[in-house]
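Written below as structure tokens is the structure these notes are about.
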Amino acid sequence: MSWVEGGRAVLYGYDVDYSRTREHVPPIDLLAGGPAWLPWEWLAQMMRDEHIVQYVYWWDGSAWARTDHPDGLEDGGGGVGRDHQVEESFLAWGEDPEGAADAFEDLIRAARARAVDRDVVEALLRRLDPEQFDIEATEPMDADAMLRVAEQAGLTVGAVRPELAAGRGEPEGRRVHVIDHPGDWAPFEESFMADGIPAHLCWSPSLRE
Numbered sequence: 018m019s020w021v022e023g024g025r026a027v028l029y030g031y032d033v034d035y036s037r038t039r040e041h042v043p044p045i046d047l048l049a050g051g052p053a054w055l056p057w058e059w060l061a062q063m064m065r066d067e068h069i070v071q072y073v074y075w076w077d078g079s080a081w082a083r084t085d086h087p088d089g090l091e092d093g094g095g096g097v098g099r100d101h102q103v104e105e106s107f108l109a110w111g112e113d114p115e116g117a118a119d120a121f122e123d124l125i126r127a128a129r130a131r132a133v134d135r136d137v138v139e140a141l142l143r144r145l146d147p148e149q150f151d152i153e154a155t156e157p158m159d160a161d162a163m164l165r166v167a168e169q170a171g172l173t174v175g176a177v178r179p180e181l182a183a184g185r186g187e188p189e190g191r192r193v194h195v196i197d198h199p200g201d202w203a204p205f206e207e208s209f210m211a212d213g214i215p216a217h218l219c220w221s222p223s224l225r226e
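Quick note on my numbering: the sequence shown kicks off at 18 and runs consecutively.
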């Protein structure tokens, strides 16, 4: 997720289990109908660089929205809230899961207030036992590193939250990002045209400009 000036945001990504937009023919324009303030050029370049973005949601300060998808098509980004299942699995590795959960909620509250400090970070770390995790940590849990991340995200007192400049409207001649080479497009040419996305206006790393 990236913040956009004016208290707005864009959420983007890919879910290995639930993103089905990459398989859809014709390709889905994830930015179709987006507001003028979207960072259009930045998003287009990011989608090319990352080459796996399969959902884009935008927050105008009061509600989330996205482009329309065909009925029943999952993009993997529908849950813009917290994944409590992941949290519970992580916190369960402590000797006191309930205490760890309470400490984690304190951290969440501090983050929302943009007041994360060493006390709330270390209170959570004290209740976790990395040796119990079912994955091997590449580095030890480091409160200093966590505080630096929180500061970079603008979640500590006095920190500046990074923001992207707001866009000025959809760029003329914008092309639709396609992840996978669609193979033989001939059978789908009529569908592309009917849906307003001619094949020659789509962009893919596998295709030549």
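Every residue, glycine too, gets a C-beta built ideally from N, C-alpha and C. Only a predicted model underlies this, so the values are computations on that prediction, with no experimental measurement involved.
Other residues of its chain near residue i: CB distance less than 7 angstroms, five sequence neighbours each side excluded
i, result
"glycine 171", "Arg131, Val177, Arg178 and Pro179"
"glycine 227", "As shown, the chain starts at 18 and ends at 226. That puts residue 227 outside it, with no answer to give."
"methionine 163", "Val138"
"alanine 182", "Glu22 and Pro56"
Beta-bridge pairing of residue i - partner residues as DSSP gives them
i, result
"valine 33", "Beta-bridge pairing links valine 33 to no other residue."
"serine 19", "Val27"
"alanine 61", "In the DSSP output, where bridge partners are listed per residue, alanine 61 has none listed."
"alanine 82", "Trp75"
Residue closest to residue i, alpha-carbon to alpha-carbon, out of the options
i, options, result
"arginine 86", "Arg165, Pro43 and Pro157", "For clarity, residue 86 is histidine in the given sequence; the question names arginine instead. That would be Pro43, whose Cα lies nearest to the Cα of histidine 86."
"proline 157", "Tyr72, Leu145 and Glu115", "Leu145"
"aspartate 66", "Gly30, Trp81 and Asp119", "Gly30"
"isoleucine 125", "Asp88, Thr173 and Thr84", "Thr173"
"proline 114", "Ala82, Asp88 and Arg143", "Arg143"
"alanine 26", "Trp59, Ala140 and Arg135", "Trp59"
"aspartate 32", "His68, Asp92, Asp88 and Arg185", "Asp92"
"valine 166", "Ala128, Gly186 and Arg191", "Ala128"
"isoleucine 69", "Gly175, Arg37 and Ala49", "Arg37"
Residues of its chain near residue i, where Cβ-Cβ distance is below 6 angstroms and the 5 sequence neighbours each way are ignored
i, result
"aspartate 46", "Val193"
"proline 188", "Trp57"
Cβ-based burial, residue i [other Cβ within 10 Å; buried from 16]
i, result
"aspartate 201", "Reliability fails at aspartate 201, whose pLDDT of 47 lies under 50, so the model's placement of it is uncertain and the value that follows must be treated cautiously. Under this definition aspartate 201 is an exposed residue."
"alanine 53", "exposed"
"methionine 64", "buried"
"valine 133", "buried"
"glycine 51", "buried"
"arginine 135", "exposed"
"leucine 90", "exposed"
"glycine 94", "buried"
"alanine 160", "exposed"
"arginine 83", "buried"
Own chain residues within Cβ distance below 8 angstroms of residue i, not counting five before or after
i, result
"arginine 225", "With a pLDDT of 39 at arginine 225, under the threshold of 50, the predicted position of this residue should be treated as unreliable, though the coordinate-derived value follows. So no residue of the chain qualifies."
"tryptophan 81", "Leu28, Tyr74, Trp75 and Val97"
Exercise for the section: Within the region 123-196, note down every full alpha helix (DSSP H) run reaching 4 residues or more, in order along the chain. Expected result: 135-142 and 160-169
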